[in-house]
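Position in the sequence shown (from 1) plus 1091 gives the number in this note's numbering.
So the structure is just underneath, and the comments pick up after that.
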Amino acid sequence: MTKTRVIAALIMAPAAIAAIVLLPTNWLAAAAAVIFLTGLWEWLRLAGIDGLPRTILLTLNLLLMVLLVWAAAGDAALYQLTSLIGIIGWVVGLAWLRFPRAGSGQGSGGRMAKLLAGSWAIIPAWAALISLHMQGSSGPLWLLTALATVWAADSGAYFCGRALGKHKLAPTISPNKTWEGLFGGVAAGIVIALVFGQIAGIQGQDLPGLILVALFTTLVSVEGDLIESLLKRQAGAKDSGTLIPGHGGVLDRIDGVLAALPVFAIGKEIAGF
């Protein structure tokens, strides 16, 4: 499994980097919308929504993306506001991790909350991706920094957890995650953020801000991972899908990114780098 996972990552990472660096923002936004909506399609299935209702909900989210682009008219402000709304959603999501049995029933209330949470996760993350990429010539590099931070944190947590993990992080939600993996992932994420931040042209006086933003970015990416794990556990599913060998579905690969991108985008604005 590890070999397949690594091979798949070696294929996906260069493709993602090439798209970020080479595509104009509008084209990248379209490509990212396909990926994020595929993740939402899997999220809705885990929430117990299938058939025509799932197709309608996916279409409504696509229309919301189109409306957001039309209303923004090339201005980053609306994308940033949407990102901030997303962060509020992830703060609320901490309560779900505190009470993981909430929404586990088959009632319409729990299902409605899950489908709203899916849109709340997907749309702001997509808006944050656009807001980062559109920031001039350094925009693609900052988007790449955000994503590389999450990828490094995910890989660091995976390998540190396998090698050193002894203390369970959230045994009732994701039994394989450990505190050792969390610390290893945070360390890896911060190191990679500093490396890519240098490439993006960060100034020395802004390094403490980048470290702080990277810290919160990696931590919230873990929340995104745990939220998806809880969603899968309540649905009785091992993976969100089977599209990516060794990784499961698309949602399995972007769960941390969904939570992290709004935090990095808003954190970057607050820190001023």
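Heads up, the beta-carbon is just placed ideally off N, CA and C, and yes, glycines get one too.
Proximity winner among L1185, A1204, A1186, relative to G1194 (alpha-carbon distances) | Indexing the sequence shown from 1 puts residue 1194 at position 103. For the residues L1185, A1204, A1186, the minimum Cα distance to G1194 belongs to A1204.
Secondary structure of S1174, DSSP reduced to three states = On the sequence shown, residue 1174 is found 83 positions in, with the first residue counted as 1. When DSSP states are grouped into helix, strand and coil, S1174 belongs to the helix group.
Reduced DSSP secondary structure (H/G/I, E/B, other) of A1284 | The residue labelled residue 1284 in the question sits at position 193 within the sequence shown. DSSP places A1284 in helix when its eight states are reduced to three.
Nearest-angstrom Cα distance between S1228 and L1317?
-> On the sequence shown, position 137 is the one that residue 1228 refers to. On the sequence shown, position 226 is the one that residue 1317 refers to. C-alpha of S1228 to C-alpha of L1317: approximately 34 Å in a straight line.
So what's P1266 in DSSP terms, helix, strand or just coil?
-> Your numbering for residue 1266 matches position 175 in the sequence shown. Of the three classes helix, strand and coil, the one that applies to P1266 here is strand, per DSSP.
So, V1363 versus D1297, is the Cβ gap smaller than 9 Å?
-> Sequence index remark: in the sequence shown, residue 1363 carries index 272 (1-based). Sequence index remark: in the sequence shown, residue 1297 carries index 206 (1-based). Checking the sequence shown, residue 1363 turns out to be Gly, not Val. In contact: G1363 and D1297 (Cβ atoms closer than 9 Å).
Please list, in chain order, all residues of the same chain as V1282 whose beta carbon is under 8 Å from its beta carbon, the five residues on each side excluded.
-> Position 191 of the sequence shown, counting from 1, holds the residue named residue 1282. Only A1243 meet the Cβ criterion.
If we call anything under 9 Å between Cβ atoms a contact, is L1172 one with Q1325?
-> Looking up residue 1172 in the sequence shown gives position 81. Looking up residue 1325 in the sequence shown gives position 234. Going by C-beta atoms, L1172 is not nearer than 9 Å to Q1325.
For V1313 versus K1268, is the C-beta distance shorter than 9 Å?
-> On the sequence shown, position 222 is the one that residue 1313 refers to. On the sequence shown, position 177 is the one that residue 1268 refers to. Closer than 9 Å, so yes.
Expressed to the nearest angstrom, what Euclidean distance is found between the alpha-carbon atoms of Y1249 and L1301?
-> For this step, residue 1249 is matched to residue 158 along the sequence shown. For this step, residue 1301 is matched to residue 210 along the sequence shown. If you draw a straight line from the Cα of Y1249 to the Cα of L1301, it is about 23 Å long.
Secondary structure at I1357, three-state DSSP: helix, strand or coil?
-> Sequence index remark: in the sequence shown, residue 1357 carries index 266 (1-based). Residue state, collapsed to three classes: helix.
Say whether the segment 1181-1192 touches the segment 1101-1113, bearing in mind that this needs 3 or more beta-carbon pairs closer than 8 Å, one atom from each stretch.
-> Per the Cβ contact rule, the segment 1181-1192 is not in contact with the segment 1101-1113 (fewer than 3 Cβ pairs under 8 Å).
Ordered along the chain, which non-local residues of its own chain (more than five positions away) have a Cβ less than 7 Å from that of W1217?
-> For the purposes of this step, residue 1217 is taken as residue 126 along the sequence shown, with counting starting at 1. Correct list, in chain order: A1123, A1124, F1127, M1156.
As assigned by DSSP and simplified to three states, the class of L1135 = One-based indexing of the sequence shown puts residue 1135 at position 44. Helix.
Beta-carbon spacing of I1214, G1272 below 9 Å | Here residue 1214 corresponds to residue number 123 of the sequence shown, with the count starting at 1. Here residue 1272 corresponds to residue number 181 of the sequence shown, with the count starting at 1. The answer is no: Cβ separation not under 9 Å.
Beta-carbon proximity list for V1348, same chain, < 8 Å, skipping 5 on both sides = Position 257 of the sequence shown, counting from 1, holds the residue named residue 1348. A1216, L1238, V1241, S1312, G1315.
C-beta atoms of W1368 and A1291 nearer than 9 Å | The chain is shown only over 1092 to 1364; residue 1368 falls outside these bounds and no answer can be derived.
Own chain partners of L1306 with C-beta closer than 7 Å, once the 5 adjacent residues on each side are dropped = Here residue 1306 corresponds to residue number 215 of the sequence shown, with the count starting at 1. The beta carbon of L1306 sits closer than 7 Å to the beta carbons of V1277, I1281 from its chain, once the five residues preceding and following it are set aside; these are given in chain order.
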